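This report refers to the structure that appears directly beneath it.
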Amino acid sequence: MDVMPLLLLVAGSAAVAAAGRRVPVPVPLVLVAVGLAVSYVPGVPDYTLDPHIVLPLLLPPLLYTAATDSSYLDLRAQLRPVALLSVGYVLFATFAVGAAAYAIVPGLPLTAALVLGAVVAPPDAVAATAVARRVGLPSRITTILQGESLVNDATAITAFRVALAAAVGEGATWAGGILEFLVAAIGGIGMGLVLMVPLHWLRTHLREALLQNTLSLLIPFVAYAVAEQVHASGVLAVVVVALYLGHRAWEVDFATRLQEEAVWKMVAFVLESAVFALIGLQLPVVLKGLGEYEGAEAAWYAVAVFLVVAVARFVWVYPATFLPRLSARVRAREGEMSWKGPFIIGWAGMRGVVSLAIAFSIPLTVHDGDPFPERNLILFLTFTTVIGTLVVQGVTLPPLIRLLKFPTRDVQTETLAEANAQAQASRAAEQRLDDLLTDDRNALPGPLADRLRTVLERRRNAVWERLGQVNQVTGETVDDTYRRLSREMIGAERDVFVRLRDGRYIDDEMLRTLLRRLDLEEAAAYRETT
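Next comes the structure, spelled out in structure tokens:
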């Protein structure tokens, strides 16, 4: 097995992603563009998307990290719009695109057209979260888009299986399709509910951070594989488990959380970079089998399908947003809604690697051995739709958000809420310390007890100081200056430890112990405050 192409893909996509952070264009688009350009460089191997790799090996960790970064409470509060998009819209888009493709492409069977509709129906979790993070969407819109992209793959994969069964002559029926959807959905959610508690118990009872993080890396694959083994939705199983574990992450010890955050940031960065680069690299593979269509004809089909995909989303989003608001109860619960939010939701329907992976899983032949009708054209239209939504919608989304002038975050209000929360926690911690010190078993010398109180006071005051005035010379708050000076002091200690190691006064093992202690001190001093 030649691993060099894989190494080149990972290293190259990571390098491009790192460079792409320095330009105003969203990184996913930079990766796709570079992938398109590199695909025709002589000597570059063909990177054909294998659905047997993408779906079980790439999709679970990407869904897992997106779900653990989401908020279970926020998603629950937006359950209605999320469900309408992740289930209702995907099915609507499947039929809308399928009907349009059947009418536009001569000789394309309706069942094959519905296969195309199911393939391009789901906006991609990776694309949605990657662009949403960059453009700074309002929290409610971001929650809806993230929630939709976490669940809609399950709907699309099930719809694809039903349409594919009909296309290859396996006698699929509407009743059978609905039953398969219900089994997949209920089974996936049920499997997630079954797995989440024992997996969380394991996470909280393993005593070493290394073992806990090894388990963390295995969890999405285990949840996906177990659910798929019983013909349930692996996507939904992963999402349910991840939401639960993310919601209860506070019960895991701090060392695991620190390590886990770093590990999953690295995994997400590598996988997202490789996934978007892979999209661009598919161009030669897709064009290779398109020989029977003229360039203008294929381009017309591609533009038509892209327009149907874009328009169908608006046709669904606006009624799904405003019709439920005819109910006074819904209006009272969700507040007022302008046209701007649904417009951004409608325009943010980028497709991604999941659509391509599903398309590549279309078999070469149907039940009687004949070639699958217009398989190469379906691959081409899927590719152009993915590229079109990423480029057209991805590029225009940031300026569109700026043009619509969405309200920005109220930093002052957020800081005040954080300060109040910290003040309440500090009072509880101080009371707990006083209670503990009354017990002779917890006796401490006065300076050490005062040190505990000083650290607590420093933590309490740090947030309030961000509300105060800044240094006129440096532009820093008092808290910023404190942390900068703390870092300088830690840096001086670190230099001494390294010098002592170099002089053979301490060995490398002791150096690592001392440096880790300083790292934890620095992490405490430089905790994230925004």
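Using the working numbering, you'd call the opening residue of the sequence shown number 142 and step up by one each time.
Even for Gly, the Cβ is constructed at its ideal location relative to N, Cα and C.
Small disclaimer: the values here were computed from a predicted structure and weren't measured.
Inter-residue spacing [alpha-carbon to alpha-carbon] between residue i and residue j
{"i": "Phe236", "j": "Leu336", "result": "34 Å"}
{"i": "Tyr135", "j": "Ser227", "result": "Any answer about residue 135 is impossible in this case: the structure gives the chain only from 142 up to 671."}
{"i": "Asp649", "j": "Asp636", "result": "14 Å"}
{"i": "Ala590", "j": "Leu656", "result": "25 Å"}
{"i": "Val381", "j": "Gly333", "result": "5 Å"}
{"i": "Gly587", "j": "Gln565", "result": "25 Å"}
{"i": "Glu369", "j": "Gly329", "result": "8 Å"}
{"i": "Pro201", "j": "Ser414", "result": "16 Å"}
{"i": "Glu349", "j": "Thr397", "result": "8 Å"}
{"i": "Asn561", "j": "Arg599", "result": "15 Å"}
{"i": "Ile631", "j": "Gly487", "result": "49 Å"}
{"i": "Ile194", "j": "Glu392", "result": "33 Å"}
{"i": "Ala308", "j": "Ser280", "result": "41 Å"}
{"i": "Val238", "j": "Trp480", "result": "25 Å"}
{"i": "Val458", "j": "Gly176", "result": "32 Å"}
{"i": "Leu251", "j": "Tyr243", "result": "6 Å"}
{"i": "Ala704", "j": "Gly184", "result": "Past the edges of the chain, shown from 142 to 671, lies residue 704, and the structure says nothing about it."}
{"i": "Leu597", "j": "Gln563", "result": "10 Å"}
{"i": "Ala152", "j": "Val173", "result": "15 Å"}
{"i": "Glu662", "j": "Phe638", "result": "15 Å"}
{"i": "Ala297", "j": "Arg543", "result": "32 Å"}
{"i": "Ala364", "j": "Ile327", "result": "15 Å"}
{"i": "Asp580", "j": "Gly387", "result": "36 Å"}
{"i": "Val367", "j": "Pro186", "result": "34 Å"}
{"i": "Ile282", "j": "Pro222", "result": "10 Å"}
{"i": "Ala138", "j": "Asn602", "result": "One cannot answer for residue 138 here, as it falls past the ends of the chain, which runs 142 to 671."}
Buried versus exposed call for residue i [16 or more other C-beta atoms within 10 Å across all chains shown]
{"i": "Tyr646", "result": "exposed"}
{"i": "Ala378", "result": "buried"}
{"i": "Asn583", "result": "exposed"}
{"i": "Phe463", "result": "exposed"}
{"i": "Arg472", "result": "exposed"}
{"i": "His372", "result": "exposed"}
{"i": "His341", "result": "buried"}
{"i": "Met145", "result": "exposed"}
{"i": "Leu497", "result": "buried"}
{"i": "Glu629", "result": "exposed"}
{"i": "Glu669", "result": "Residue placement at Glu669 is poorly supported in this model, since its pLDDT is 43, which falls under 50; the coordinates still yield a value, given next. Classification for Glu669: exposed."}
{"i": "Met651", "result": "exposed"}
{"i": "Gln219", "result": "buried"}
{"i": "Pro540", "result": "exposed"}
{"i": "Tyr181", "result": "exposed"}
{"i": "Thr355", "result": "exposed"}
{"i": "Asp660", "result": "exposed"}
{"i": "Arg217", "result": "exposed"}
{"i": "Val338", "result": "exposed"}
{"i": "Val166", "result": "exposed"}
Bridge partner(s) assigned by DSSP for residue i
{"i": "Pro512", "result": "Thr506"}
Whole-angstrom C-beta distance between residue j and residue i, which should lie under 8 Å
{"i": "Ala304", "j": "Val256", "result": "5 Å"}
{"i": "Ala453", "j": "Ala208", "result": "About 26 Å; that fails the 8 Å criterion."}
{"i": "Ala489", "j": "Leu538", "result": "6 Å"}
{"i": "Ala325", "j": "Ser374", "result": "4 Å"}
{"i": "Ile170", "j": "Val495", "result": "With the sequence shown as reference, residue 170 is identified as Leu, and Ile is not the correct amino acid for it. Not really, about 18 Å apart at Cβ, beyond 8 Å."}
{"i": "Ala234", "j": "Val533", "result": "That pair is no contact at about 17 Å."}
{"i": "Asp215", "j": "Thr284", "result": "5 Å"}
{"i": "Leu505", "j": "Phe513", "result": "6 Å"}
{"i": "His508", "j": "Gly310", "result": "3 Å"}
Any chain B beta carbon closer than 9 Å to residue i
{"i": "Ala461", "result": "No chain B is part of this structure, which consists of one protein chain only."}
Of all the alpha helix (DSSP H) runs that stay within the bounds of the stretch 525–604, which reach a length of 4 or more residues?
-> Listed in chain order, they are 535–545, 552–578.
With a floor of 3 residues, list each beta strand (DSSP E) that falls wholly inside the stretch 372–409, ordered by position along the chain.
-> Complete beta strand (DSSP E) runs here, min 3: none at all.
Could I get the ranges of all uninterrupted beta strand (DSSP E) runs contained in the stretch 323–362, with 3 residues as the minimum, in chain order?
-> The stretch 323–362 is shown to contain no whole beta strand (DSSP E) run of 3 or more residues.
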